[in-house]
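Student:
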Amino acid sequence: MSRKLVLGLAGNKAVTSVVSRYGMKWGAARFVAAESLPKTVEVVEGLNKEGLVVALDHLGESVESREEATTATQASIDILDAIQSSGVDSNVSVKLTQLGLDIDEEFCLENVDKIARKAKETNNFLRIDMEDSPRVDVTLRIFNTLLDRYGKEHVGLVIQTYLYRSEQDVLELGKKNTNLRIVKGAYKEPARVAFPNKKDVDDNFIRLVKLHLQNGNYTAIATHDEAIINHLKKWLKEKNIPDDLYEFQMLFGVRNGLQRELVKEGYKVRVYTPYGKDWYPYFTRRLAERPANVFFILKNMFRN
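Position one of the sequence shown corresponds to residue 65 (the numbering used here), numbered consecutively onward.
Next up, the structure:
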């Protein structure tokens, strides 16, 4: 399935109308918790009962107006309030482009600062996602400012292992004992900035997870790759890595069985759980960035 076809379907008004109306019933609900925050909290409560912790993400595309960014900012603050009032075990994840990064850096910083401040006030944690390579440096600037203000207990970052630069970024962030979520990365990048071969990305993933942990820093191991998970489980035991220094992370609705197996084995597992009414454009854009994801998702719809 080509990127052009995915985007063509996403832009078709008839397809958008039908899928937006029925998509949650047809299968999108497997990957999106709910459209409203109260119903999402109920889903989180269910996950918590199974021993899973959560990272909530209010869905939305890159915004083009300050009003949209302000609305998205308030949505994340509302999540933190809902977590506190309900007592569920969850933190919050945000993308800076949803908070106005492409409008103005200082404006974006003001918005994400409000969320980070609320995270500290509610004794919670904010994870700042990493987007495509042109936005890495500005994301690091904003993150380091927040890290200095609120500390590693309340703000963390994502690092993508398909970028050549990521090892150096991990080393620098490690000096500040940064809480990192290590992922492979899903954006389409040129070979001049990213490893083009999957094996190299996988090898770098394992290397950076080990590097950050060996330097004594909290690491969120975000992968559904069972071979990588098994390799790291063995290494964690061999190196006597403390259990409170890491967690495994997976997407809501993907490899549910594996998530629960890890919990039974005593590992901490966090489920990245998106919600909101804007799930359709988000979903199709993510598929278009790497059309192979279509087949990955279809495969996992029939796999536990």
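Note that the Cβ used here is the ideal one computed from N, Cα and C, for glycine as well. The structure displayed is predicted, hence computed values, not measured ones.
Please classify Ala258 as buried or exposed, where buried requires at least 16 neighbouring CB atoms within 10 angstroms.
Tutor: Its Cβ being crowded by 16 or more others within 10 Å, Ala258 is buried.
Student: Mapping the DSSP letters down to three states, classify Arg245 as helix, strand or coil.
Tutor: strand
Student: Assuming contact is defined by CB atoms lying nearer than 7 Å, are Ser140 and Asp166 in contact in what I supplied?
Tutor: Not closer than 7 Å, so no.
Student: For a minimum of 4 consecutive residues, which ranges assigned as the alpha helix (DSSP H) are wholly contained in the segment 162 to 226?
Tutor: 169 to 185 and 200 to 214
Student: At which residue ranges does the segment 130 to 166 contain complete alpha helix (DSSP H) runs of 4 or more residues, listed in the order of the chain?
Tutor: 130 to 150
Student: Do you know whose CA, among Gln313, Lys298, Glu114 and Asn294, lies nearest Tyr282's CA?
Tutor: Ranked by Cα distance from Tyr282, the first of Gln313, Lys298, Glu114 and Asn294 is Gln313.
Student: Tell me the DSSP secondary structure of Arg229 in three-state form.
Tutor: coil
Student: What first and last residue would you give for the alpha helix (DSSP H) that runs through Val327?
Tutor: Asn320 to Lys328
Student: How about Gly124 and Ala136: are their beta carbons less than 7 Å apart?
Tutor: yes
Student: Check Arg94 in the structure and name its three-state DSSP category.
Tutor: helix
Student: Roughly how many angstroms lie between the CA atoms of Leu277 and Lys239, to the nearest whole one?
Tutor: Rounded to the nearest whole angstrom, the C-alpha separation of Leu277 and Lys239 is 12 Å.
Student: Can you tell me the Cα-Cα spacing of Val219 and Leu211, whole angstroms?
Tutor: 6 Å
Student: So the alpha helix (DSSP H) Thr104 belongs to, where does it begin and stop?
Tutor: That run of the alpha helix (DSSP H) goes Leu101 to Lys113.
Student: What ranges does the beta strand (DSSP E) occupy inside the segment 247 to 329, keeping only unbroken runs of at least 3 residues that lie completely in it?
Tutor: With a minimum length of 3 residues, the continuous beta strand (DSSP E) runs that stay inside the segment 247 to 329 are 283 to 286 and 310 to 315.
Student: Report yes if the CB atom of Phe190 is closer than 7 Å to the CB atom of Ala183, and no otherwise.
Tutor: The sequence given here places Leu at residue 190; Phe does not occur at that position. Closer than 7 Å, so yes.
Student: Buried or exposed for Thr225, going by 16 or more other Cβ atoms inside 10 Å?
Tutor: buried
Student: Just how far apart, CA to CA, sit Glu325 and Glu170?
Tutor: So the two alpha carbons sit approximately 44 Å from each other.
Student: For Lys103 and Ile270, what's the separation of their Cα atoms in angstroms?
Tutor: 36 Å
Student: Between which two residues does the beta strand (DSSP E) holding Tyr336 run?
Tutor: Val333 to Tyr339
Student: Name the residue from Asp142, Asn188, Ser157 and Arg213 whose alpha carbon lies nearest to the alpha carbon of Asp177.
Tutor: The residue with the shortest Cα to Cα distance from Asp177 is Arg213.
Student: Which residue from Asp153, Glu311 and Leu315 puts its Cα closest to that of Ala97?
Tutor: Leu315
Student: What residue does the beta strand (DSSP E) around Leu120 start on, and which one ends it?
Tutor: Val117 to His122
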